[in-house]
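A.B. asks:
In the working numbering, the protein residues as written are 42 to 114.
1) Identify, in the order they occur along the chain, each residue of the same chain with its Cβ nearer than 8 Å to the Cβ of residue 75, setting aside the five sequence neighbours on each side.
2) Taking the alpha helix (DSSP H) that residue 86 falls in, what are its first and last residues?
3) Around the C-beta of residue 106, are 16 or more other C-beta atoms found within 10 angstroms, so that it is buried, or is it exposed?
4) Would you kindly report the start and end of the unbroken alpha helix (DSSP H) that includes residue 63?
5) Looking only at its chain, what residues have a beta carbon closer than 7 Å to the beta carbon of residue 88, apart from the 5 residues adjacent to it on each side?
6) Using the rule of at least 16 other Cβ atoms within 10 Å of the residue's Cβ for burial, across every protein chain shown, is residue 62 buried or exposed?
7) Using only the alpha-carbon positions, how far apart do residue 64 and residue 58 sit?
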């Protein structure tokens, strides 16, 4: 609902203020690998496939590369 969207937008805005827009936006992409990790922890391994795990790893690597680039600037 309204409160859920307002909280998520506020938290994203705080992340932008504390880091920068690129890191905060790419950080939102970390929900994909975290969703797969929670599926594994909860024992729902039937939703995982090779392609989905590979995609989650690519998203995770992209976040790492963006953070490395942001710290070296």
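C-beta atoms are modelled at their ideal positions from N, C-alpha and C, and glycine is treated no differently.
None of these values were measured; they are calculated from a predicted model.
C.D. replies: So, from the listed chains and residues:
1) none
2) Here residue 86 belongs to no alpha helix (DSSP H), and DSSP marks it neither H nor E.
3) exposed
4) 62 to 69
5) 80
6) exposed
7) 11 Å
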